[in-house]
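Following the working numbering, the numbering of the sequence shown begins with 905 at its first residue and continues without gaps.
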Amino acid sequence: MNPHQPNYLPHQQQQPIFLAPQHDQQLLQHQLSHQQQLQEQQLQQLQQQLQQQQLQQLQQQQQFQLQQQQKQLQLLVNDSEQNNIQMPAHTHVTPSPLSKSHHRHSHHRHEPPHQPQQPRHLEEFHPQTHLELQMIQPEQQSSQQQQQQQLLQQQEHLQHHPHQSRSVRGKSPVVFKQQQIQEQQQQQQPQLHNYQHPQQNEQRNAYPDEQNEPPQQQLQHKNVEQHQQQHQLQQQQQSTQEQQQNLESDHDKVEVIVDASIEPEAIAGQHQLQQQQQQQHNKSIKQHAPTLTTESLPQNQQIVSPLLQPLLRKPTKKLRRDKAHELLRKRILVGTLVAMMVATILWLVAFSINYWASWEFPDGVMSANKNVIRGQHAGLWKMCREEVVPSTNEKLSSCIFMKQFPTSDELIRNQKLYDATVINYRRSCTAIGVIGVLVMVLSIISTYYSTIEPRYIYKRLAGSLLLGSAACILVCVEIIQGSLEYERKYLPHMYPPKSKHRFGFCFGVAWFLIICFLVFSLILFFFSRKQKDKLVDDRPVIIGRI
905 MNPHQPNYLP
915 HQQQQPIFLA
925 PQHDQQLLQH
935 QLSHQQQLQE
945 QQLQQLQQQL
955 QQQQLQQLQQ
965 QQQFQLQQQQ
975 KQLQLLVNDS
985 EQNNIQMPAH
995 THVTPSPLSK
1005 SHHRHSHHRH
1015 EPPHQPQQPR
1025 HLEEFHPQTH
1035 LELQMIQPEQ
1045 QSSQQQQQQQ
1055 LLQQQEHLQH
1065 HPHQSRSVRG
1075 KSPVVFKQQQ
1085 IQEQQQQQQP
1095 QLHNYQHPQQ
1105 NEQRNAYPDE
1115 QNEPPQQQLQ
1125 HKNVEQHQQQ
1135 HQLQQQQQST
1145 QEQQQNLESD
1155 HDKVEVIVDA
1165 SIEPEAIAGQ
1175 HQLQQQQQQQ
1185 HNKSIKQHAP
1195 TLTTESLPQN
1205 QQIVSPLLQP
1215 LLRKPTKKLR
1225 RDKAHELLRK
1235 RILVGTLVAM
1245 MVATILWLVA
1255 FSINYWASWE
1265 FPDGVMSANK
1275 NVIRGQHAGL
1285 WKMCREEVVP
1295 STNEKLSSCI
1305 FMKQFPTSDE
1315 LIRNQKLYDA
1325 TVINYRRSCT
1335 AIGVIGVLVM
1345 VLSIISTYYS
1355 TIEPRYIYKR
1365 LAGSLLLGSA
1375 ACILVCVEII
1385 QGSLEYERKY
1395 LPHMYPPKSK
1405 HRFGFCFGVA
1415 WFLIICFLVF
1425 SLILFFFSRK
1435 QKDKLVDDRP
1445 VIIGRI
């Protein structure tokens, strides 16, 4: 992976997050401010680069001017040397005939002397070069003066002694001496030609491939490129400002859809990941800030923060449809959770009251207190009777608590009330009813956790527990029906002649709860499809292994 680029996750690239309006506005403002800071840093860096390049250009121009001045100085030095070497006008030489012929031939062989130029002051060009040349010229001038004096002496000697004017080679000594002086001057002249100012060497090192061409054209090209880069940065800044204004003006018109599939913990995890990505992005910017330029960017390209790009994507029809389905799914799950809690409360109420079955006695039954029993209703814990006093026709209601574990004395005294088989039925129904309550509580917990963590395994667990709850209620209903059938067959005092029997309110509630729990389990199984693509890939998953 490239460390300069922010590290995006696949689920964020495939499905962008559309947050709430307030949070979205805060994120947009923060990201736009960060974007402006980046552009300001780039502008500052470009300004610094422009200043450095301008300084370099000035230095190069100065060096070029110094080169021209040094060339002119060299020409002046050569002219001055040639002027000093020429013979004075007041001297006259009388050569011999052989020397005249030799001088005639040598005139054809040698180039004509240079025309004297007007001397220029060396201080006009550069003071340093003038001082340095003054250190070299005194020795040359002293040697030239000595040579001129020797020539004058020889000329005077020749005038007095003309017979000594011929040399071994047939040349006059004056011409021979002049040739020697010219050779010495030619040996001394390369020293001046080889002399260069240190700034000239720097200029040659700066332009090794373009020594013959002046750098003005190159400087013009560089200036044009710098102006183009600055113009591109200004255009980018204007485009970002226009984008910010458009976002602020159209913020109220944008349709924001909350991602229903992302739960509170998932949202918190995504925020943490975004913060980590932003910190890494800021570190990379700080590390590579001096090398950041717009040369690598194409024209008319805007610098947009990576965290801002998913938020600027407009929702499509498919995305809206998916989000609507996810929102509906979550609402159904929450409604199912609330209905499960209500159903559990109803089961606790039905399990504790005594309206499972009721009996009516039209002719009446005499009790031990010599009262007439008109009817009775019973449950798992109590049995209540409605009695009438014969003398006063007063209606009375009395309830008897039926123990689950009666003593032996109570069994002997109340044989009609405590039958061994009926007691076993009641114990079984009570135990299964309590187990059903525990299973319902576990199913509620697993359903609530499935709304937080969108893993299919929790929904399937909750659906299985709901099936167990429905089975517990169904078993309780069957046990009560079996108990009533046993009493009708084997306990005639519970069912006297002409008596009417019917099931009570709790019996209907039990059957209703069975149907409700079955529907709840089907809903959870239906929404227990795998949704792995909507979860964070690097997030730890609890799989239940040790």
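Just so it is clear, CB atoms sit at the ideal spot from N, CA and C, and this is done for glycine as well.
Item to complete: Inspect the CB distances between the region 1415-1423 and the region 1235-1247 and report whether three or more fall short of 8 Å.
Response: Taking a contact to require three or more Cβ pairs closer than 8 Å, the region 1415-1423 and the region 1235-1247 qualify as touching.
Discussion item. So, under 8 Å CB-CB, G1408 and S1302 are touching, yes? Tell me the CB distance rounded to an integer number of Å.
Written reply: Not quite, the Cβ-Cβ distance comes to about 18 Å (not below 8 Å), so this is no contact.
Worksheet item: Cα separation between P1023 and Q971?
Response: Residue confidence is low: P1023 scores 43 on pLDDT, short of 50, so the model does not pin down where it sits. Its coordinate-derived value is still stated next. If you take the alpha carbons of P1023 and Q971, they lie about 20 Å apart.
Discussion item. Using the three-state DSSP reduction, which class does W1263 fall into: helix, strand or coil?
Written reply: For W1263, the secondary structure class from DSSP, reduced to helix, strand or coil, is strand.
Fill in: Segment contact flag, the region 1251-1266 with the region 1281-1289, C-beta cutoff 8 Å, min 3 pairs
In short, these stretches touch, since the Cβ pair count reaches three.
Item to complete: Buried or exposed for G1239, please, with buried defined as at least 16 other CB atoms from any protein chain shown within 10 angstroms of its CB.
Response: Result: exposed.
Discussion item. Relative to the C-alpha of V1326, which candidate in L1417, R1235, R1392 and N1297 has its C-alpha closest?
Written reply: Residue R1392 holds the alpha-carbon nearest to the alpha-carbon of V1326 among L1417, R1235, R1392 and N1297.
Discussion item. I need the straight-line Cα distance from Q1136 to V981, nearest angstrom please.
Written reply: Rounded to the nearest angstrom, the two C-alpha atoms are 52 Å apart.
Worksheet item: Can you tell me whether DSSP reads R1289 as helix, strand or coil?
Response: If DSSP states are grouped into helix, strand and coil, R1289 belongs with the strands.
Item to complete: Please name the residue or residues paired with H1405 in a DSSP beta bridge.
Response: Answer by DSSP bridge pairing, in chain order: W1263.
Worksheet item: When the Cα atoms are used, what is the spatial distance from K1126 to Q961?
Response: Their backbone Cα atoms lie some 10 Å apart in a straight line.
Discussion item. Quick check on P1396: buried or exposed, where buried means 16 or more other Cβ atoms within 10 Å of its Cβ?
Written reply: Exposed, because fewer than 16 other Cβ atoms sit within 10 Å of the Cβ of P1396.
Discussion item. Suppose you measure from the CA of Q1140 to the CA of Q1180; what does that come to, to the nearest Å?
Written reply: Each residue's alpha carbon lies about 27 Å from the other.
Worksheet item: How close, in whole Å, do the beta carbons of A1335 and S1354 come, if the pair is a contact with beta carbons under 8 Å?
Response: Not quite, the Cβ-Cβ distance comes to about 29 Å (not below 8 Å), so this is no contact.
Worksheet item: Since S1387 and G1340 are thought to touch, with beta carbons under 8 Å apart, how far apart are those beta carbons, to the nearest angstrom?
Response: Contact doesn't hold; Cβ gap of about 17 Å is too wide.
Practice prompt. Following the continuous alpha helix (DSSP H) through R1278, name the residue where it begins and the one where it ends.
Written response: First-last for R1278: V1276 to A1282, but that is the beta strand (DSSP E), not the alpha helix (DSSP H).
Worksheet item: In its own chain, which residues sit with a C-beta less than 6 Å from the C-beta of L1370, not counting the 5 before and 5 after it?
Response: Closer than 6 Å at Cβ, skipping near neighbours: S1347, F1421, F1424 and S1425.
Worksheet item: Would DSSP call K1299 helix, strand or coil?
Response: K1299: strand per DSSP, three-state reduction.
Discussion item. Let me check one thing: in DSSP terms, what residues is M1270 bridge-paired to?
Written reply: Looking at the DSSP output, M1270 sits in a beta bridge with V1276.
Worksheet item: By how many angstroms is the C-alpha of P1294 removed from the C-alpha of I1304?
Response: When rounded, the distance between both Cα atoms is 22 Å.
Fill in: Helix, strand or coil at I1384 [DSSP, three-state]
DSSP places I1384 in helix when its eight states are reduced to three.
Item to complete: Would you mind giving the Cβ-Cβ distance between E1291 and V1276, rounded to the nearest angstrom? I have them listed as a contact below 8 Å.
Response: With 8 Å as the limit, E1291 and V1276 qualify as a contact, their Cβ atoms being about 7 Å apart.
Worksheet entry | Beta carbon of V1379 nearer than 8 Å to that of W1415 | Contact flag unset, no.
Worksheet item: Expressed to the nearest angstrom, what Euclidean distance is found between the alpha-carbon atoms of H1131 and Q1149?
Response: Cα to Cα, the separation comes out at about 27 Å.
Item to complete: Express the C-alpha separation of L932 and Q955 in angstroms, rounding to a whole number.
Response: The straight-line gap from Cα to Cα measures roughly 35 Å.
Practice prompt. Taking the CB atoms as reference points, tell me whether D1267 and K1402 lie closer together than 8 Å.
Written response: With contacts defined as CB atoms closer than 8 Å, D1267 and K1402 qualify as a contacting pair.
Worksheet item: If L1241 and Y1352 are in contact, beta carbons under 8 Å, what's the gap, nearest whole angstrom?
Response: About 6 Å separates the beta carbons of L1241 and Y1352, which is inside the 8 Å limit, making them a contact pair.
Fill in: When G1412, L1300, R1364 and K1363 are compared against I1384, the one with the closest alpha-carbon
Here the closest residue by C-alpha is G1412.
Fill in: Same chain, Cβ closer than 6 Å to P1310, neighbours up to 5 away in sequence not counted
Y1322.
Practice prompt. Taking S1256 as part of the alpha helix (DSSP H), name the residues at either end of that continuous run.
Written response: Its alpha helix (DSSP H) spans residues K1221 to S1256.
Practice prompt. For F1411, write down the residues that DSSP places opposite it in a beta bridge.
Written response: Beta-bridge pairing links F1411 to no other residue.
Worksheet item: Alpha carbon to alpha carbon, what distance is there between Q943 and Q957?
Response: Q957 and Q943: Cα-Cα distance of roughly 21 Å.
Discussion item. Short of 6 Å in beta carbon distance, which residues of its chain neighbour G1337, apart from the five on each side in sequence? Order them along the chain.
Written reply: Cβ within range, chain order: F1255 and C1380.
Worksheet entry | K1363, buried or exposed, once every other Cβ within 10 Å from all chains shown has been counted against 16 | So K1363 ends up on the buried side.
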